[in-house]
Amino acid sequence: MFAYLVKRIFQAAAVMFVISIISFAIQDNLGDPLRELVGQSVSEEVRNELREEMGLNDSFFVQYTRFAKKAITGDLGTSYFFKEPALTVILKKLPATLELVLGASIIIIGLSIPLGVYTAIRPKAVLSKAIMGLSIVGISIPVFLTAILMIYFFAVEMRLLPSYGRGDVVEVFGYWKTNFATWDGFKHIIMPSIALASIMLPLFIRLIRSEMMETLQSDYVRYAWAKGIKAKRIWFLHALKNTMLPVITVGGVQIGTMVAYTILTETVFQWPGMGFMFLEAVNRVDTPLIVAYLIIVGFIFVVTNTLVDLLYGLVNPTVKLARMGA
Amino acid sequence: MSLLSVRDLVVKFAMRHQTLTALDHISFELAQGERLGIVGESGAGKSITGFAILNLLSQPGFIAGGKIMFDGKDMAALSSEEIRLIRGDRIAMIFQDPMVTLNPVLTIGEQMVETLQAHRNISRSDAEKIAIVKLREVYIPAPEERLSQYPHELSGGMRQRIIIAIALLLDPQLIIADEPTTALDVTIQADIMELLLELCQNNKVSLILITHDLGVVSQMTERTLVMYAGKIIESGKTREIVNDPQHPYTQGLINALPQQTVAGHRLKQIPGNMPGLGSLPPGCAFHPRCDFATDICKKSVPEFVSFADVKVACHEVARLHKTKKAEAKDG
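In order, the protein sequence lines correspond to chains X and D.
Using the numbering used here, read the first sequence as starting at 1115 and increasing by one per residue.
Using the numbering used here, read the second sequence as starting at 27 and increasing by one per residue.
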């Protein structure tokens, strides 16, 4: 177990190294940071002086090494716009985004398992066919369209739900602002969560359905029937437990992807999270903030994947983590 | 009264373009404590017979006719809950490949306890006690430790012993064993068969042994059915069938046994392959591979009639019998 953990942490570090190089390389392709910093009125000589002072004339290697050294200590540069450390800016926005991802995950997990199992057990039922048909529609409609349609119907026409912002949030643990503590905050997170879930949910229903149908054909499920085990136990223990093994792996990757997907959802709903912030940073050519965002998202991705792999080892008895370290 | 009575059982498979007949009017009886062998090549319908008895045919197979009576009850008249209560309790099944029969994510204990709890109102600790007793009966070393192990931690032979122990958990009246040793090492095969025989005899359990191996059948069973292309072509006491087979197909099977061949010579095999269900020849399904086939074999399906001490479905059985006797005299 320990050897495996160490191995995984080394892998994660290697991935983070590559992500940091790519993110940093983007910097050179986003235009002249000085224009954003000092505006038009400063003379060319002063600009050159500033460039030299900021180290922008150094080679890529020197610049990257300087950046990496600071990054390890948690200094990802200073945002040009906010005049604050980029990491601080992002961490302030992080809770909003993670709550959105959490809301979407609850919807996905809560619906995909029962619907996937039902469509696998009763493939010929009318309801199953309706679910499968709708899931195709769900996959095909882009997130921003789902979001705009929802705003039109539920916010503009019916006036049931608020259309933008986080609403009434409550501070917990002195740092984290949550939507789940008040009714107003909860109302604000409903539509963004559904919009964010709208792409992944159909994918997961279809994934669980196909895995489950395969499992139901297996010898051990047939054997469970031959032992006289009750149908519910066969479906929800014998078959579902085996079905979920591959789903967990895919799910871990998708949580990371969802953090990235929030850019669209947050923009449509004016959700004050890091996705919305990223888009604004791009508009302002706030290079340090862009680089820091890419690195943080990459970091979240790597961490969730590592955690999911460890979790998989706990769920699947045939994976012995101790042996995998070898 | 017999424990199990199968009358004119017909099983069909509804395929996209046609409906195939997998079992064609299968009939047999099984008395309490009796051991029956069902022999034939792959695809003859042996396993389907076993699954049909428990109403466990996989899609698209279905029972299209006939009657299955178990312990005086018509299986077709039972509700799905009543059939569930028979499965695993009154009729237990042993599957072919122990490597894929046990659920990989549940412990041995879990899979044994759930079987008991599906049929008896019994606490977990009492169920575990019974499980340990049964594991000991099948000579599993350290049975207490096995309960917390997962299937992948055990060898194939060990897993098949556990599956036999699960079959015995509820003291069934009938065990259906579908090629229980085919997937195992040759060295373990004899052990498993011996164990199965011993347990059936000690507990007075009836056995249906599905196999392609006539040698095994002769050691294990009292009566034998020989199947070919979904039909029973010969049935009778195992001793008679092994010593004096009447149907040319049964004779071919026996001649193909290694014991029948002088060392250093090639094994005698039956030429050709069994036809697929979709392309059965007219008349006797065996005639294209039969050395003794005549014109009538190509046209009409032979009746299943008593001959000598067995029942057999062959047009030429009388002629064959005479030649064989003559050969025996000359030899």
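The C-beta atom is built at its ideal place from N, Cα and C for all residues, glycine as well.
Item checked: residue 1389 of chain X (DSSP reduced to helix, strand or coil) -> Locating residue 1389 of chain X in the first sequence gives position 275, counting from the first residue. Helix at residue 1389 of chain X.
Next item on the list: Examine chain D for any beta-carbon lying closer than 7 Å to the beta-carbon of residue 1438 of chain X, and answer yes or no.
Entry: Taking the first sequence and counting its residues from 1, the one referred to as residue 1438 of chain X is at position 324. Reliability of the predicted coordinates at residue 1438 of chain X is poor, the pLDDT of 46 falling under 50, and the value obtained from them is presented with this limitation in mind. By this cut-off, residue 1438 of chain X is not an interface position.
Checklist line | Three-state secondary structure assigned by DSSP to residue 200 of chain D | finding: On the second sequence, residue 200 of chain D is found 174 positions in, with the first residue counted as 1. Correct three-state label for residue 200 of chain D: strand.
Margin query: Assuming residue 1290 of chain X is part of the beta strand (DSSP E), what are its boundary residues?
Written below: Locating residue 1290 of chain X in the first sequence gives position 176, where the first residue counts as 1. Here the beta strand (DSSP E) through residue 1290 of chain X covers 1290–1292.
Checklist line | Buried versus exposed call for residue 295 of chain D [16 or more other C-beta atoms within 10 Å across all chains shown] | finding: Looking up residue 295 of chain D in the second sequence gives position 269. Flag for residue 295 of chain D reads exposed.
Margin query: Short of 9 Å Cβ to Cβ, which residues in the segment 1318–1350 of chain X face chain B?
Written below: Among the protein chains of the structure shown, namely X and D, there is no chain B.
Notebook entry, point to check: When you compare only the Cα positions, how much space is there between residue 224 of chain D and residue 55 of chain D?
Noted result: Here residue 224 of chain D refers to the residue found at position 198 of the second sequence. Here residue 55 of chain D refers to the residue found at position 29 of the second sequence. Answer to the nearest angstrom: the Cα atoms are 22 Å apart.
Item checked: Closest residue to residue 1261 of chain X among X:1282, X:1213, X:1272 and X:1310 (Cα-Cα distance) -> By 1-based counting over the first sequence, the position of residue 1261 of chain X is 147. The candidate whose alpha carbon is nearest that of residue 1261 of chain X is X:1310.
Checklist line | Contact list for the segment 27–45 of chain D against chain X, Cβ threshold 9 Å | finding: none
Next item on the list: Rounded to whole angstroms, what's the CA-CA distance from residue 87 of chain D to residue 80 of chain D? Just pull it up for me.
Entry: Translated into the one-based positions of the second sequence, residue 87 of chain D becomes position 61. Translated into the one-based positions of the second sequence, residue 80 of chain D becomes position 54. A direct Cα-to-Cα measurement between residue 87 of chain D and residue 80 of chain D gives close to 13 Å.
Notebook entry, point to check: The beta strand (DSSP E) spanning residue 65 of chain D covers which residue range?
Noted result: What you label residue 65 of chain D is simply residue 39 of the second sequence in a count that begins at 1. 61–65 is the extent of the beta strand (DSSP E) around residue 65 of chain D.
Item checked: Within 7 Å, strictly: CB atoms of residue 310 of chain D and residue 328 of chain D -> Numbered from 1 along the second sequence, position 284 holds the residue referred to as residue 310 of chain D. Numbered from 1 along the second sequence, position 302 holds the residue referred to as residue 328 of chain D. Cβ distance < 7 Å, so residue 310 of chain D and residue 328 of chain D count as in contact.
Check: Residues of chain X with CB under 9 Å from residue 144 of chain D, in chain order?
Finding: As a first step, residue 144 of chain D is located in the second sequence; it is residue number 118 there, counting from the start. Per Cβ cutoff of 9 Å: 1341, 1342, 1343, 1344 and 1347.
Check: From D:116, D:192 and D:125, pick the residue whose C-alpha is nearest to that of residue 210 of chain D; which is it?
Finding: The residue labelled residue 210 of chain D in the question sits at position 184 within the second sequence. It is D:125 whose Cα lies nearest to the Cα of residue 210 of chain D.
Note to self: Rounding to the nearest angstrom, what Cα-Cα distance links residue 1439 of chain X and residue 1430 of chain X in this structure?
What the structure shows: As a first step, residue 1439 of chain X is located in the first sequence; it is residue number 325 there, counting from the start. As a first step, residue 1430 of chain X is located in the first sequence; it is residue number 316 there, counting from the start. Bear in mind that a pLDDT of 40 at residue 1439 of chain X, under 50, signals an unreliable position, so the number given afterwards is only what the model happens to contain. One C-alpha to the other measures close to 16 Å.
Check: Would a check of beta-carbon distances place residue 115 of chain D closer than 7 Å to chain X?
Finding: In the second sequence, the residue the question calls residue 115 of chain D occupies position 89. Yes, because at least one Cβ of chain X sits closer than 7 Å to the Cβ of residue 115 of chain D.
Checklist line | chain D within 7 Å of residue 1355 of chain X, Cβ atoms only | finding: Here residue 1355 of chain X corresponds to residue number 241 of the first sequence, with the count starting at 1. Answer yes: the Cβ-Cβ gap between residue 1355 of chain X and chain D drops below 7 Å somewhere.
Check: So residue 247 of chain D packs on residue 62 of chain D, CB below 8 Å; how close in whole Å?
Finding: On the second sequence, residue 247 of chain D is found 221 positions in, with the first residue counted as 1. On the second sequence, residue 62 of chain D is found 36 positions in, with the first residue counted as 1. With 8 Å as the limit, residue 247 of chain D and residue 62 of chain D qualify as a contact, their Cβ atoms being about 6 Å apart.
Next item on the list: Would you check if the segment 1365–1372 of chain X and the segment 1336–1354 of chain X touch, i.e. whether three or more CB-CB distances between them fall below 8 Å?
Entry: no
Checklist line | Proximity below 7 Å, CB of residue 140 of chain D to CB of residue 1343 of chain X | finding: Looking up residue 140 of chain D in the second sequence gives position 114. Looking up residue 1343 of chain X in the first sequence gives position 229. The answer is yes: Cβ separation under 7 Å.
Notebook entry, point to check: If residue 1152 of chain X and residue 1416 of chain X are in contact, beta carbons under 8 Å, what's the gap, nearest whole angstrom?
Noted result: Here residue 1152 of chain X corresponds to residue number 38 of the first sequence, with the count starting at 1. Here residue 1416 of chain X corresponds to residue number 302 of the first sequence, with the count starting at 1. With a Cβ gap of about 36 Å, residue 1152 of chain X and residue 1416 of chain X do not count as contacting.
Next item on the list: Determine, using beta carbons only, whether residue 1278 of chain X and residue 1383 of chain X come nearer to each other than 7 Å.
Entry: Here the question's residue 1278 of chain X lines up with position 164 in the first sequence. Here the question's residue 1383 of chain X lines up with position 269 in the first sequence. Yes. Within cutoff.
Next item on the list: Look at the alpha carbon of residue 267 of chain D and the alpha carbon of residue 243 of chain D, and state the distance between them as a whole number of angstroms.
Entry: Translated into the one-based positions of the second sequence, residue 267 of chain D becomes position 241. Translated into the one-based positions of the second sequence, residue 243 of chain D becomes position 217. Distance between the alpha carbons of residue 267 of chain D and residue 243 of chain D: 10 Å.
Next item on the list: Compare the C-beta of residue 1363 of chain X with all C-beta atoms of chain D and state if any pair is closer than 7 Å.
Entry: Taking the first sequence and counting its residues from 1, the one referred to as residue 1363 of chain X is at position 249. False, the Cβ-Cβ gap to chain D never drops below 7 Å.
Check: So what's residue 1238 of chain X in DSSP terms, helix, strand or just coil?
Finding: Position 124 of the first sequence, counted from the first residue, corresponds to residue 1238 of chain X. Residue state, collapsed to three classes: coil.
Next item on the list: Could you round the C-beta distance between residue 182 of chain D and residue 1340 of chain X to whole angstroms and report it? I think they count as a contact, below 8 Å.
Entry: What you label residue 182 of chain D is simply residue 156 of the second sequence in a count that begins at 1. What you label residue 1340 of chain X is simply residue 226 of the first sequence in a count that begins at 1. Not a contact, Cβ separation roughly 19 Å.
Check: If you check the beta carbons only, do residue 1181 of chain X and residue 1116 of chain X fall under 7 Å apart?
Finding: Here the question's residue 1181 of chain X lines up with position 67 in the first sequence. Here the question's residue 1116 of chain X lines up with position 2 in the first sequence. No, the pair does not count as a contact, with Cβ atoms beyond the cut-off.
Note to self: On the CB-based measure, 16 or more other CB atoms within 10 Å of its CB, does residue 1141 of chain X come out buried or exposed?
What the structure shows: One-based indexing of the first sequence puts residue 1141 of chain X at position 27. So residue 1141 of chain X counts as buried.
Next item on the list: Reducing DSSP to helix, strand and coil, say where residue 113 of chain D ends up.
Entry: Taking the first residue of the second sequence as 1, we reach residue 113 of chain D at position 87. It is a strand residue.
Check: For the beta strand (DSSP E) that residue 33 of chain D lies in, which residues bound it at each end?
Finding: Walking along the second sequence from the start, residue 33 of chain D turns up at place 7. Per DSSP, the unbroken beta strand (DSSP E) holding residue 33 of chain D starts and ends at 30–40.
Check: When the cut-off is 7 Å and only beta carbons count, does residue 1233 of chain X lie next to chain D?
Finding: On the first sequence, residue 1233 of chain X is found 119 positions in, with the first residue counted as 1. No, residue 1233 of chain X lies away from the interface with chain D (no Cβ there is under 7 Å from its Cβ).
Next item on the list: Pick helix, strand or coil for residue 1155 of chain X, following the three-state DSSP scheme.
Entry: As a first step, residue 1155 of chain X is located in the first sequence; it is residue number 41 there, counting from the start. If DSSP states are grouped into helix, strand and coil, residue 1155 of chain X belongs with coil.
Item checked: Counterpart residues of residue 1165 of chain X in DSSP-defined beta bridges -> Translated into the one-based positions of the first sequence, residue 1165 of chain X becomes position 51. DSSP output for residue 1165 of chain X lists no bridge partner at all.
Item checked: CB of residue 195 of chain D within 7 Å of CB of residue 279 of chain D, strictly -> Walking along the second sequence from the start, residue 195 of chain D turns up at place 169. Walking along the second sequence from the start, residue 279 of chain D turns up at place 253. Between residue 195 of chain D and residue 279 of chain D, the gap from beta carbon to beta carbon reaches 7 Å or more.
Check: Going along chain D, which residues have a C-beta under 8 Å from residue 1360 of chain X?
Finding: Counting from one through the first sequence, the residue named residue 1360 of chain X turns up at place 246. Here the premise fails: no neighbours, minimum Cβ distance about 12 Å.
Next item on the list: Examine the Cβ distances between the segment 321–336 of chain D and the segment 90–102 of chain D and report whether three or more of them are shorter than 8 Å.
Entry: no
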